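In our numbering, the protein residues as written are 304 to 1083.
Don't be surprised by glycine CBs; every beta carbon is placed ideally from N, CA and C.
In this text, all values refer to a predicted model and were calculated from it rather than measured experimentally.
I have placed the structure first, in the form of structure tokens, so that the comments after it can refer back to it.
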């Protein structure tokens, strides 16, 4: 005889148990499709969740068995939680990749891929969230017995009493509709009249699972209906440019074969990249395959999402953090069962269980939101490439301002370059005027809005057009400063200045890191003088200045403060689309994915706020933001203009962005990165130690350096000394970091993970934490 053994990853976060545990599968369990399911297992003295990653048979003659033939050491699985696997073999392989590539535990890798509904609560008795947010079921009454021949047959057989009006009413509704839900009849399964009809065999009750409606996609349908292709496709009505046709041809040819391919689609803003994606997906669906479409933040790209749902209807499943737990579970299961075959979502949608995956799109691939900041700290770029390798899919990275990483893929032959240098409407890119704010001051003009911007804003109202004003800082002012003693007000829990916010006529001070809020003092807390003043700009101040200077202009503001509630992004953008406002003021939220035909003016209030960030990627991000926000103007026949206000008009980022000159910017930035050995010419690992005692945090970072140096470092590795993080203290925790430059992860993994494990164990004993980001997107 042989015993069936399941290898299980248990839900225990400690790294010392980061390995599969063997359990006996009960004899009365059906072994089919157990891999990828969740199970309850005994672990020490608890019942905990586990994930089955492998099943094998073991000969009991050679196993460690007791006198009764049973395994002596192994425990038995307690309960199977899934009728069908929630994790495919491909996703289990992907979990192994995540664990290896990002030095994460297997549990972290698995649970990163799963919706919250499939995860058990970390504390308390065993409770699986999907038991509370599981599938919704629809009770359907269907004709049975004599009713199949009609009501007259029931009357002739005298199967229902003549005076049983409620029963006859139910029968009439069922016969007329050919089947009707309990909800439509206003009944429950325990209704006496219904029970009588069921007992008589005249109706039968069928339970069918149905999915919750997702607002962005519109009303859903039963699982049987959701696989039908929407008939609303209008792709043939749009004429493609020659550049779009070339890109479409290359991509459809690539997706026609089961071989991984990688492309970078470099198209200017408004070049029609989305239409190319849509048509490639149409071809992919025709072959019985599926697709994943990634967008930076789904709430900020509603117009793009709408294009997919209008084109493909219920074949689209939406996956993002704004969905409820139950909605996200339903969308995941629609993909897992093949009821939907296109996943559209933010970063984590790269793990969608799409069947027969053939095409992966990463739109606006340059965005920093594609990097996860919690363990496993993965890059969606890397994961997309790995999924393509596993499934034979084609990946396309799309952007008007490609990242240096994506361009490096082209230079090294990993990706092929496709270009679309013209707008789809054949209109030119908007001219950009750079205004030197030093000259404005010399001329005695102290307004937030330069004379050129004021003139254009007046014209917007006169021509019944719209404008966007961009400033990448929220709040009213950046900080408070006493003009008598020079002291500023800092957060008591973080080493950062408090930001001034205004609520009506009242002012308050906020920390954007820990959430600390306090009233704005009337006098300086240090010298007690009435000399404290706000400095710097924020979107609230722009809104206030616009209302004071142009009371006739109606304005909407879009930043973190105005979009906290679910659906707020959509409400603001819909109102602007309905022309309920003339001006949209906002942070980087308004810089991407928006297409408003009436927007003819974009004003960048201060480009300087983007140019002084102490990070090696700051100039790349500044160029991308300026180019992207400038691209919001002139996307229709009316044309448009962008005005950039700055005190540094000759800065290379400003001049190249104003000229829409990506090539020159890329050459300069590439030279800088290569000269000083920064990505993409190396990889960065960032170790971060945090503790309430600064000496412990600093000591852990210094020990990590010593552990790395304990053995000879691999070739071409640079270990930078331990230093305070850019934000030295956050939420009462001191933070110290170590940055390591290395050539390839395979060459340094064991060396670096061993050093990290030694420091991690000691830091846990001291009550602190330490993390290792082996693909750091930023420093500090």
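* In the structure shown, what three-state DSSP assignment does residue 865 receive? -> The sequence position of residue 865 within the chain shown is 562, counting from 1. Here residue 865 sits in helix by DSSP.
* Asked: If you follow the alpha helix (DSSP H) that residue 402 is part of, which residue opens it and which one closes it?
  -> For the purposes of this step, residue 402 is taken as residue 99 along the chain shown, with counting starting at 1. Residue 402 -> alpha helix (DSSP H) spans 392-404.
* In the DSSP assignment, what residue or residues form a beta bridge with residue 944? -> Within the chain shown, numbered from 1, the residue matching residue 944 stands at position 641. Answer is 904, bridged to residue 944.
* Cβ shell of residue 686 (< 6 Å), same chain only, five flanking positions each side left out -> Indexing the chain shown from 1 puts residue 686 at position 383. Around residue 686: 653.
* Asked: On the three-state DSSP scale, how would you describe residue 717?
  -> Locating residue 717 in the chain shown gives position 414, where the first residue counts as 1. Residue 717 falls in the coil class under three-state DSSP.
* **Neighbourhood of residue 925 by C-beta, 6 Å cutoff - its chain only, sequence neighbours within 5 removed** => Within the chain shown, the letter at position 622 stands for residue 925. Short of 6 Å from the beta carbon of residue 925, and not among the five residues preceding or following it, lie these beta carbons of its own chain, in chain order: 913, 914, 956.
* To do: Determine the closest residue to residue 895 out of 701, 308, 545, with distance taken between C-alpha atoms.
  => Position 592 of the chain shown, counted from the start, is the residue given in the question as residue 895. Of the listed residues, the one whose Cα sits closest to residue 895 is 701.
* First and last residue of the uninterrupted alpha helix (DSSP H) at residue 633 -> Stepping through the chain shown from its first residue, residue 633 is reached at position 330. 628-639 is the extent of the alpha helix (DSSP H) around residue 633.
* From the DSSP output, read off the bridge partner residues of residue 1021. => Taking the chain shown and counting its residues from 1, one reaches residue 1021 at position 718. Residue 1021 is bridged by DSSP to 1044.
* Where residue 665 falls: helix, strand or coil (DSSP) -> Sequence index remark: in the chain shown, residue 665 carries index 362 (1-based). Here DSSP, grouped into helix, strand and coil, assigns residue 665 to strand.
* Asked: For residue 529, which of helix, strand or coil comes out of DSSP?
  -> As a position in the chain shown, residue 529 is number 226, starting the count at 1. With a pLDDT of only 34 at residue 529, under 50, the local geometry of the prediction cannot be trusted, and the value read off the model is given with reservation. Residue 529 falls in the coil class under three-state DSSP.
* To do: Starting from residue 993, follow its DSSP beta bridges and name the residues at the other end.
  => Position 690 of the chain shown holds residue 993. Residue 993 is bridged to 1038, 1072.
* **residue 495 - DSSP class collapsed to helix/strand/coil** => Within the chain shown, residue 495 is the residue found at index 192, counting from 1. Note: residue 495 maps to helix in three-state DSSP.
* Asked: To the nearest angstrom, how far is it from the Cα of residue 494 to the Cα of residue 639?
  -> One-based indexing of the chain shown puts residue 494 at position 191. One-based indexing of the chain shown puts residue 639 at position 336. Cα-Cα distance, rounded: 35 Å.
* Three-state secondary structure (DSSP) at residue 310? -> Counting from 1 along the chain shown, the entry for residue 310 is found at position 7. Residue 310 falls in the strand class under three-state DSSP.
* Give the secondary structure of residue 1026 by DSSP, where H, G and I count as helix, E and B as strand, and everything else as coil. => Position 723 of the chain shown, counted from the start, is the residue given in the question as residue 1026. Looking at residue 1026 - three-state DSSP - the assignment turns out to be strand.
* Sorted by chain position, which residues of the same chain lie with C-beta nearer than 6 Å to residue 833's C-beta, five sequence neighbours on each side aside? -> For the purposes of this step, residue 833 is taken as residue 530 along the chain shown, with counting starting at 1. Correct list, in chain order: 826.
* Are residue 349 and residue 408 close, meaning C-beta to C-beta below 8 Å? -> One-based indexing of the chain shown puts residue 349 at position 46. One-based indexing of the chain shown puts residue 408 at position 105. Cβ atoms of residue 349 and residue 408: not closer than 8 Å.
* Asked: Do the stretch 590-598 and the stretch 658-674 touch if we need at least three Cβ pairs shorter than 8 Å?
  -> Result yes; three or more Cβ-Cβ pairs closer than 8 Å.
* Between residue 819 and residue 794, is the Cβ-Cβ spacing less than 8 Å? -> Taking the first residue of the chain shown as 1, we reach residue 819 at position 516. Taking the first residue of the chain shown as 1, we reach residue 794 at position 491. In contact: residue 819 and residue 794 (Cβ atoms closer than 8 Å).
* Asked: Okay, do the stretch 559-573 and the stretch 692-699 touch, 3+ Cβ pairs below 8 Å being the bar?
  -> Flag = yes, the stretch 559-573 and the stretch 692-699 touch.
* What is the DSSP secondary structure of residue 547, counted as helix, strand or coil? -> The residue labelled residue 547 in the question sits at position 244 within the chain shown. Residue 547 falls in the helix class under three-state DSSP.
* Between the stretch 602-620 and the stretch 339-355, do at least 3 Cβ pairs fall closer than 8 Å? -> No: the two stretches stay apart, fewer than three of their Cβ pairs being nearer than 8 Å.
* In chain order, which alpha helix (DSSP H) runs of at least 4 residues are fully inside the stretch 794-868? -> Residue ranges of uninterrupted alpha helix (DSSP H) with 4 or more members, entirely inside the stretch 794-868 and ordered along the chain, are 842-852.
* In or out: residue 717 buried (at least 16 other Cβ within 10 Å) or exposed? -> The residue you call residue 717 lines up with position 414 of the chain shown. Taking a 10 Å sphere around the C-beta of residue 717, we find fewer than 16 other C-beta atoms and assign the residue as exposed.
* Would you mind stating whether residue 1000 and residue 1041 have Cβ atoms separated by less than 8 Å? => Reading the chain shown from its first residue, position 697 is the one you call residue 1000. Reading the chain shown from its first residue, position 738 is the one you call residue 1041. For residue 1000 and residue 1041, no; Cβs fall outside 8 Å.
* **residue 548 classed as buried or exposed, judged by whether at least 16 other C-beta atoms fall within 10 angstroms** => Position 245 of the chain shown, counted from the start, is the residue given in the question as residue 548. Counting the other CB atoms within 10 Å of its CB gives residue 548 a total below 16, which places it among the exposed residues.
* Mapping DSSP to helix, strand and coil, what is residue 780? -> By 1-based counting over the chain shown, the position of residue 780 is 477. In this structure, residue 780 counts as strand in the three-state DSSP scheme.
* Residues bridged to residue 483 [DSSP beta-bridge criterion] -> Here residue 483 corresponds to residue number 180 of the chain shown, with the count starting at 1. Answer is 444.
* Rounded C-alpha distance that separates residue 308 from residue 500 -> In the chain shown, the residue the question calls residue 308 occupies position 5. In the chain shown, the residue the question calls residue 500 occupies position 197. Answer to the nearest angstrom: the Cα atoms are 48 Å apart.
* Asked: Considering only C-alpha positions, which residue in the set 385, 311, 392, 321 is nearest to residue 379?
  -> Within the chain shown, the letter at position 76 stands for residue 379. The shortest C-alpha separation from residue 379 is found at 311.
* Asked: Are the beta-carbon atoms belonging to residue 774 and residue 908 less than 8 Å from one another?
  -> Within the chain shown, numbered from 1, the residue matching residue 774 stands at position 471. Within the chain shown, numbered from 1, the residue matching residue 908 stands at position 605. Taking C-beta atoms as the reference points, residue 774 and residue 908 count as a pair closer than 8 Å.
* Asked: According to DSSP, is residue 407 helix, strand or coil?
  -> As a working note, residue 407 is residue 104 in the chain shown. Of the three classes helix, strand and coil, the one that applies to residue 407 here is coil, per DSSP.
* Going by CA-CA distance only, name the one from 507, 1025, 649 that's closest to residue 483. => For the purposes of this step, residue 483 is identified with residue 180 of the chain shown, where counting begins at 1. Nearest of 507, 1025, 649 to residue 483, Cα basis: 507.
* Asked: Closest by CA to residue 712, which one among 1030, 984, 464, 673?
  -> The sequence position of residue 712 within the chain shown is 409, counting from 1. Sorting 1030, 984, 464, 673 by C-alpha distance to the C-alpha of residue 712 places 984 at the top.
* Since residue 569 contacts residue 705 with CB under 8 Å, what's their CB separation in whole angstroms? -> For the purposes of this step, residue 569 is taken as residue 266 along the chain shown, with counting starting at 1. For the purposes of this step, residue 705 is taken as residue 402 along the chain shown, with counting starting at 1. Right, their Cβ atoms sit about 5 Å apart.
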